[in-house]
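Read through the structure below, which is laid out as structure tokens, and then see the notes.
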Amino acid sequence: MPSPTPDSPVDFTVERGDLTLAVRDHGGTGTPLLLLHGASRTLADWSVAAADLAIDHRVVSMDLRAHGRSGPGDPPWTFPAVLDDVEAVLDACGIPEAIPVGHSLGGMVAALYADAHPRTPAAVNLDGVGQGRPEQYVGLDRETVLEGLAHARRFSEAAMGRTFPPKALETTVLAQQAAMAKALGIAPEALDEGVRRALGETPDGRLYLRPERQRALEMLDRMKELDLFPVYRRLDRPVLVVRAGRLVAQGGELAWFDELMAAYVKGLDRDLGELAAAHPHLTVRTLDASHAMLLECPREVAGLVRSFTSAVRSRS
Numbered sequence: 001m002p003s004p005t006p007d008s009p010v011d012f013t014v015e016r017g018d019l020t021l022a023v024r025d026h027g028g029t030g031t032p033l034l035l036l037h038g039a040s041r042t043l044a045d046w047s048v049a050a051a052d053l054a055i056d057h058r059v060v061s062m063d064l065r066a067h068g069r070s071g072p073g074d075p076p077w078t079f080p081a082v083l084d085d086v087e088a089v090l091d092a093c094g095i096p097e098a099i100p101v102g103h104s105l106g107g108m109v110a111a112l113y114a115d116a117h118p119r120t121p122a123a124v125n126l127d128g129v130g131q132g133r134p135e136q137y138v139g140l141d142r143e144t145v146l147e148g149l150a151h152a153r154r155f156s157e158a159a160m161g162r163t164f165p166p167k168a169l170e171t172t173v174l175a176q177q178a179a180m181a182k183a184l185g186i187a188p189e190a191l192d193e194g195v196r197r198a199l200g201e202t203p204d205g206r207l208y209l210r211p212e213r214q215r216a217l218e219m220l221d222r223m224k225e226l227d228l229f230p231v232y233r234r235l236d237r238p239v240l241v242v243r244a245g246r247l248v249a250q251g252g253e254l255a256w257f258d259e260l261m262a263a264y265v266k267g268l269d270r271d272l273g274e275l276a277a278a279h280p281h282l283t284v285r286t287l288d289a290s291h292a293m294l295l296e297c298p299r300e301v302a303g304l305v306r307s308f309t310s311a312v313r314s315r316s
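The numbering of the sequence shown is full-length UniProt numbering, which starts it at 1 and goes up by one.
See below:
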């Protein structure tokens with residue numbers, strides 16, 4: 001296998017029982033990092049940030065189970081199974097004490113992995129927050145919050161694993177991605193690799209974006225159940241939590257969702273601020289970006305991670 005470099009990463013697989021895990025080695029030397037993507041995304045989201053970080057870190061990324069080119073794994077989708085996948089990849093790469101750095105779902109996995117593995121020196125969670133508790137939605141009553149969350153869940157369920165004919169890949173799916181890229185102010189090519197990497201095919205030849213529907217619903221259930229605040233309180237090692245400073249307004253018929261998310265942001269900012277004040281190991285930063293920060297400003301994300309790992313090294 002050729003030696004990876006930041007400009008020429010190397011793809012390979014790690015076998016864990018019957019499960020194949022897709023891994024990308026970005027090379028580099030220094031503090032080892034494992035980069036983890038968000039729900040329904042792939043390791044392609046990390047391409048620019050990974051190349052930047054590999055200048056002075058040892059960098060590896062992976063597709064989570066049921067995502068990208070990794071296998072689906074045995075049902076149901078659970079966080080403990082994903083943590084075992086992460087451990088298998090780190091062991092195979094010879095970097096068992098790497099710092100997990102995750103975006104969205106990947107950020108949740110990073111925090112959980114550090115909690116479950118005392119030798120893990122630190123963790124980074126980029127805007128992985130789940131849906132929280134009703135009392136965290138400032139200014140909204142419990143019934144309104146629960147109704148809004150149920151409505152949002154129906155939207156998510158409708159989109160997960162939706163199939164489409166092959167001809168719609170170019171005319172609809174990639175066109176939608178191009179529109180998203182324009183809204184984010186990035187090149188469409190930045191999203192193309194992720195879409196193509198996420199493609200799955202049904203027995204009758206229709207396409208879908210992984211994870212397939214049943215795994216996706218299982219994943220949504222696990223994310224709904226997760227509250228990271230007890231995890232942050234238990235951890236005694238450095239944790240960086242990066243919050244998105246901008247909400248992308250949906251408007252129109254989805255104005256209710258904008259109100260719901262604005263209330264949640266207020267509660268998260270309040271609760272994370274109080275938690276960080278009481279637990280010095282927790283650092284909270286806000287980035288002038290939306291939740292899609294990895295795509296919008298990957299070099300700024302890399303800069304925050306770099307500053308954090310430098311501080312972690314100085315403490316050790």
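For every residue, glycine included, the Cβ atom is placed at its ideal position computed from N, Cα and C. As the structure is a computational prediction, the values presented were derived from the model and not from experiment.
Using the Cα positions of I55 and A123, report the straight-line distance between them to the nearest angstrom.
20 Å
Between which two residues does the beta strand (DSSP E) containing H281 stretch?
No beta strand (DSSP E) contains H281, which DSSP labels as neither H nor E.
Would you list the one or two residues that DSSP bridges to F12?
Bridge partners of F12 according to DSSP: V23.
Are A110 and L36 touching if we call contact CB-CB under 8 Å?
Yes. Within cutoff.
Do the CB positions of D7 and A51 come within less than 8 Å of each other?
yes
Just to confirm the assignment: which complete beta strand (DSSP E) runs, minimum length 3, are found wholly within the stretch 206-244?
207-209 and 239-244
Would you please state the rounded distance, in angstroms, between the beta carbons of D115 and R234? I believe it to be under 8 Å.
6 Å
Check for me: the beta strand (DSSP E) holding M293 runs from which residue to which?
Element bounds for M293: not the beta strand (DSSP E) but the alpha helix (DSSP H), M293 to E296.
Determine the extent of the beta strand (DSSP E) in which H57 is found, giving its start and end residues.
It spans H57 to M62 - the beta strand (DSSP E) in which H57 sits, taken as one unbroken run.
I want to know whether the stretch 257-265 touches the stretch 299-309 - three or more CB-CB distances under 8 Å.
no
Determine the contact status of L33 and A98, defining contact as a CB-CB distance below 8 Å.
yes
Would you kindly check if the distance between the Cβ of A88 and the Cβ of W77 is under 8 Å?
no
Distance, Cα to Cα, L228 vs M108?
7 Å
From G17 to G71, what does the alpha carbon distance come to, in whole angstroms?
Computed Cα separation, rounded: 11 Å.
To the nearest angstrom, how far is the alpha carbon of A146 from that of V10?
At residue 146 the sequence reads Leu, which differs from the Ala that was named. Going from the Cα of L146 to the Cα of V10 covers about 45 Å.
For R306, which residues in the same chain have their Cβ closer than 6 Å to its Cβ, ignoring the five residues on either side in sequence?
none
Could you work out which residue in G94, T286, P211 and D192 is closest to S47 when comparing CA atoms only?
D192
How would you write the range of the beta strand (DSSP E) that G102 sits in, first residue to last?
First-last of the beta strand (DSSP E) with G102: I99 to H103.
Going by DSSP, which residues form a beta bridge with T163?
T163 pairs with nothing; no bridge assigned.
Nearest to V60 by alpha carbon, out of G132, P188, L140 and S3?
S3
Check L35 in the structure and name its three-state DSSP category.
strand
Nearest to Q250 by CA position, among A198, A244 and E259, is which residue?
Closest by alpha carbon: E259.
Quick check: the Cα distance between T29 and R313, rounded to an integer number of angstroms?
So the alpha carbons of these two residues sit roughly 14 Å apart.
With a Cβ-Cβ cutoff of 8 Å, do R282 and V239 count as a contact?
The identity of residue 282 in the sequence shown is Leu, whereas the question assumes Arg. Their beta carbons are under 8 Å apart, which means L282 touches V239 by this criterion.
To which residues of the same chain is R222 closer than 7 Å at the C-beta, ignoring the five residues directly before and after it?
W77, T78 and F79
Can you tell me which of M62, P280 and Q131 puts its alpha carbon nearest to the alpha carbon of L220?
Q131
Would you kindly check if the distance between the Cβ of L209 and the Cβ of S40 is under 8 Å?
yes
If we count the other Cβ atoms within 10 Å of its Cβ and call it buried at 16 or more, is D141 buried or exposed?
Burial call: exposed.
Comparing C-alpha positions only, which one of R24, G38, L53 and P75 sits nearest to M62?
Considering only alpha carbons, the answer is R24.
Would T31 and T309 qualify as a contact pair, given that the criterion is a beta-carbon distance under 8 Å?
yes
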